[in-house]
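Numbered by my numbering, the letters in the sequence shown go through residues 256 to 507 in order.
A virtual CB, placed ideally from N, CA and C, is assigned to each residue, including glycine.
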Amino acid sequence: MIEDSEIALLLQAFQQLYSPPYPWLKVPEYKVGKHGLWTLDRFDENVLIHGYFTGVQPAKHNYRLKKGNTLWMSLTPMELESQSHHALAAYGHTVVMGLGMGTLLYNILAREEVTQVTVVERDSEVFELLHQIASPASWSGWEKARFVFADALEWKPDEHIDYLTVDIWSKLGDYNLRPDGQRIQANVRADKVALWGQELDFITFLAHQGYEPPPTLEQYREYIETIGIPLIESDNPDYPSYCMKAGNNAIA
Ligand SMILES: C[S@@+](CC[C@H](N)C(=O)[O-])C[C@H]1O[C@@H](n2cnc3c(N)ncnc32)[C@H](O)[C@@H]1O
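Structure follows, in structure tokens:
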């Protein structure tokens with residue numbers, strides 16, 4: 256016989272497993288489309304997939320953005336969780352590097368704290384596709400957006416940037432995240448920065464330093480100091496534990 260208190264504990268554990276620390280990105284309406292090498296298609300099969308911070312869960316009715324055979328973005332729990340805090344941190348003049356299917360942009364434009372958005376994207380075809388697969392002109396805050404077609408690694412702003420969020424990699428845990436982030440920030444000099452998958456690079460840093468889990472905020476600040484990029488969440492004492500979850504899910 257299971258006691259009520261044990262059931263309560265189990266429920267709490269399940270809630271922790273499936274409640275992301277930040278609300279998921281909101282998703283605009285999409286429809287399938289194709290432009291040049293880019294396609295947005297729909298994936299209706301039921302699959303089980305890890306969230307970024309949370310446990311295994313079903314992912315269906317999912318759109319996928321591909322260029323040729325390369326998958327660039329989808330609407331899985333993994334994608335919607337891994338960028339959620341990047342949207343929440345956006346303010347002032349925000350630079351979004353990597354348009355993709357515009358899901359992160361949709362969330363950033365809607366924020367009152369964001370006054371202006373510069374999107375840096377190297378492939379104008381994906382911008383053309385966006386107008387086929389969604390109705391971006393109807394998105395809240397669309398008038399704040401300006402698009403620059405350039406290589407994120409080379410682009411330099413001509414004014415002060417408050418916040419920079421970079422998602423130019425097709426896979427989580429890209430080996431180039433840190434050098435790309437450093438090269439980009441050397442040009443942009445934003446006050447705050449988010450790099451997609453930065454949690455995994457922090458966990459790698461901890462392993463190289465020989466630190467035992469659980470990670471601490473002090474170690475996260477040491478990591479920020481070491482890589483020289485003013486990353487988000489440097490005042491959140493819970494953030495290192497989220498990084499640990501992301502690290503565990505990445506190898507699960
Ligand atoms: C993973 S997708 C971005 C997904 C986006 N965060 C979203 O919510 O839909 C990456 C995007 O970055 C672009 N990209 C890749 N390398 C780039 C570079 N060096 N400079 C600018 N854009 C780049 C790709 O063309 C693609 O549109």
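Closer than 8 Å to some heavy atom of ligand 1: that does not describe the Cβ of S395. Counting only unbroken stretches of 4 or more residues, the alpha helix (DSSP H) elements lying wholly within the region 318 to 358 are 332 to 337, 339 to 343, in sequence order. Fully enclosed beta strand (DSSP E) runs of no fewer than 3 residues occupy 400 to 404, 418 to 421 of the region 375 to 437, in order along the chain. Contact annotation: the region 383 to 391 does not touch the region 409 to 423, with fewer than three C-beta pairs closer than 8 Å.
Collapsing the DSSP output to three states places T471 in coil. Rounded to the nearest whole angstrom, the C-alpha separation of F460 and I482 is 10 Å. For V287, the three-state secondary structure derived from DSSP is coil. The C-alpha of Q464 is placed about 34 Å away from the C-alpha of G355.
D493 sits in coil when the DSSP states are folded into three classes, being neither helix nor strand. Separation of L408 and A501 (C-alpha to C-alpha, rounded to the nearest whole angstrom) is 26 Å.
DSSP, reduced to helix, strand and coil, places I304 within a strand of the structure shown. Within a 10 Å sphere around the beta-carbon of Q338 sit 16 or more other beta-carbons, which makes this residue buried. Across the set Y346, Q312, D299, N317, the C-alpha of Q312 shows the shortest separation from the C-alpha of S274. K447 sits in a strand when the DSSP states are folded into three classes. DSSP, reduced to helix, strand and coil, places A462 within a helical segment of the structure shown. Remark: the shortest separation between the CB of M352 and any heavy atom of ligand 1 falls under 8 Å. For R366, the secondary structure class from DSSP, reduced to helix, strand or coil, is coil. Cβ neighbours of G357 within its own chain (closer than 7 Å, five residues either side excluded): L385, A389, P391.
Per DSSP, W293 is one residue of the beta strand (DSSP E) stretching across 293 to 298.
The region 467 to 479 makes no contact with the region 431 to 447: fewer than 3 CB pairs, one atom from each, lie closer than 8 Å.
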